[in-house]
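Peer 1: To convert, note that position 105 of the sequence shown is 105 in full-length UniProt numbering; the numbers rise steadily by one, no gaps.
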Amino acid sequence: MRGRSARLFAALYPSDEALDHLGLALSALGAVALDDGRPSLRWTPRDLMHLTVAFFGEVADGAAEDLGRALDEVADTTEPLTLHLRGAGTFEDRILFAGVGGDAEALRRLSAATAEAASDVGLRLDRRPRQRAHLTVARASGPRTSGRRKTDPRPTGPGLAELAHALAVYEGPRFTADALCLVESIPGAGRSGGPSYEVVRTSPLGVRR
């Protein structure tokens, strides 16, 4: 990790097979017509695709070590999860995502246990209800909206809605999520000025039977 603090989150990673299958479905989206007046999209690079379990924000180096050990404990007592990517939707008319099926209840328990572990080592997490489990596929590149008033007149919603509709029946292959990863998000270090993600700790699931 870099510097005195790091922007951290916990994540699960889909298998290569799952990402290959999703990639084929996304390539077919080129056939979905979008009006010129709608915004361009920033597609999530394959190497950045993940399922967020918990977001921790800026964490000091010393606390990060404590957090990593706490996540080891959570992972030790959590069985591997059988998941698959399915369906699609949008958040705030700006984010296109693929949904997650399979061991949904186990995934919710893992997320709650991870958040509790972070709290136990002194981290203050955002307690607002988290969005449903998902994998971010693309983001609208236009400015954000503020309340009901849009800061950009271009219609962001319809284009993303069409793409989500095209992926509504998507059903990906099952994969086993067998490791909880602590990941650092490094702003501006990725492609086109976006973030890059670096796995800084990997905690295998189900080590303690």
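In this text, a Cβ means the ideal position worked out from N, Cα and C, and glycines have one as well.
#1: Only counting the same chain, and skipping five residues up and downstream in sequence, which positions put a Cβ closer than 6 Å to that of residue 202?
#2: For residue 8, is the classification buried or exposed, using 16 other Cβ atoms within 10 angstroms of its Cβ as the cut-off for buried?
#3: Restricting to Cα atoms, I'd like to know which of 4, 46 and 40 is closest to residue 197.
#4: Is the region 161 to 170 close to the region 14 to 31, with three or more CB pairs under 8 Å?
#5: Could you give the residue range of the beta strand (DSSP E) that holds residue 60?
#6: By Cβ distance below 6 Å, which residues in the same chain neighbour residue 113 in space, the five residues on each side in sequence not counted?
#7: What separation, rounded to the nearest whole angstrom, lies between the Cα atoms of residue 162 and residue 11?
#8: Please go through the region 95 to 130 and give each complete beta strand (DSSP E) segment of 3 or more residues, from N-terminal end onward.
#9: On the CB-based measure, 16 or more other CB atoms within 10 Å of its CB, does residue 137 come out buried or exposed?
#10: Where does residue 183 sit, in a helix, a strand or coil, going by DSSP?
#11: Which residue's Cα is closest to the Cα of residue 109: 41, 49 and 79?
#12: Identify, in the order they occur along the chain, each residue of the same chain with its Cβ nearer than 8 Å to the Cβ of residue 86, setting aside the five sequence neighbours on each side.
#13: Taking 7 Å as the threshold (C-beta atoms), are residue 84 and residue 174 in contact?
#14: Do residue 123 and residue 56 count as a contact pair if the criterion is CB distance below 7 Å?
#15: By alpha-carbon positions, which one of 199, 20, 200 and 41 ends up nearest to residue 90?
#16: Exposed or buried, which one is residue 207 when buried takes at least 16 other CB atoms within 10 Å?
#17: Distance check for residue 118 and residue 188, CA to CA, integer angstroms please.
#18: Where does the unbroken alpha helix (DSSP H) through residue 17 begin, and where does it stop?
#19: Given residue 22, which residues of its chain have a CB within under 7 Å of its CB, disregarding the five upstream and five downstream residues?
#20: Have a look at the DSSP bridge pairing and note the partners of residue 160.
#21: Mapping DSSP to helix, strand and coil, what is residue 71?
Peer 2: On the basis of the coordinates in this document:
#1: For the purposes of this step, residue 202 is identified with residue 202 of the sequence shown, where counting begins at 1. If we look at residue 202 and ignore the five residues flanking it on each side, its Cβ neighbours are 179 and 181.
#2: Your numbering for residue 8 matches position 8 in the sequence shown. Answer is buried; the Cβ neighbour count reaches 16.
#3: If you number the sequence shown from 1, residue 197 lands on position 197. Nearest C-alpha to residue 197: 46.
#4: yes
#5: Along the sequence shown, one-based indexing puts residue 60 at 60. Residues 51 to 60.
#6: Here the question's residue 113 lines up with position 113 in the sequence shown. The residues are 74.
#7: Numbered from 1 along the sequence shown, position 162 holds the residue referred to as residue 162. Numbered from 1 along the sequence shown, position 11 holds the residue referred to as residue 11. If I take the Cα positions, the gap works out to 28 Å.
#8: 95 to 102
#9: Translated into the one-based positions of the sequence shown, residue 137 becomes position 137. Its Cβ being crowded by 16 or more others within 10 Å, residue 137 is buried.
#10: Here the question's residue 183 lines up with position 183 in the sequence shown. Reduced to three states, the DSSP call for residue 183 is strand.
#11: In the sequence shown, counting from the first residue as 1, residue 109 sits at position 109. Of the candidates 41, 49 and 79, the one whose C-alpha sits nearest the C-alpha of residue 109 is 79.
#12: On the sequence shown, position 86 is the one that residue 86 refers to. Result list for residue 86: 98, 99, 100, 101, 170, 171 and 172, in chain order.
#13: Taking the sequence shown and counting its residues from 1, one reaches residue 174 at position 174. Taking the sequence shown and counting its residues from 1, one reaches residue 84 at position 84. Contact flag set, yes.
#14: Taking the first residue of the sequence shown as 1, we reach residue 56 at position 56. Taking the first residue of the sequence shown as 1, we reach residue 123 at position 123. In this structure, residue 123 lies closer than 7 Å to residue 56 by Cβ.
#15: Here residue 90 is taken as the residue at index 90 of the sequence shown, counted from 1. Closest option to residue 90, Cα to Cα, is 41.
#16: Taking the first residue of the sequence shown as 1, we reach residue 207 at position 207. When all chains shown are included, residue 207 counts as exposed.
#17: Working through the sequence shown from its first residue, we reach residue 188 at position 188. Working through the sequence shown from its first residue, we reach residue 118 at position 118. Their backbone Cα atoms lie some 26 Å apart in a straight line.
#18: By 1-based counting over the sequence shown, the position of residue 17 is 17. Its alpha helix (DSSP H) spans residues 16 to 27.
#19: Here residue 22 is taken as the residue at index 22 of the sequence shown, counted from 1. Correct list, in chain order: 85, 98 and 172.
#20: For the purposes of this step, residue 160 is taken as residue 160 along the sequence shown, with counting starting at 1. None; residue 160 has no bridge partner.
#21: Locating residue 71 in the sequence shown gives position 71, counting from the first residue. The answer is helix: DSSP assigns residue 71 an H, G or I state.
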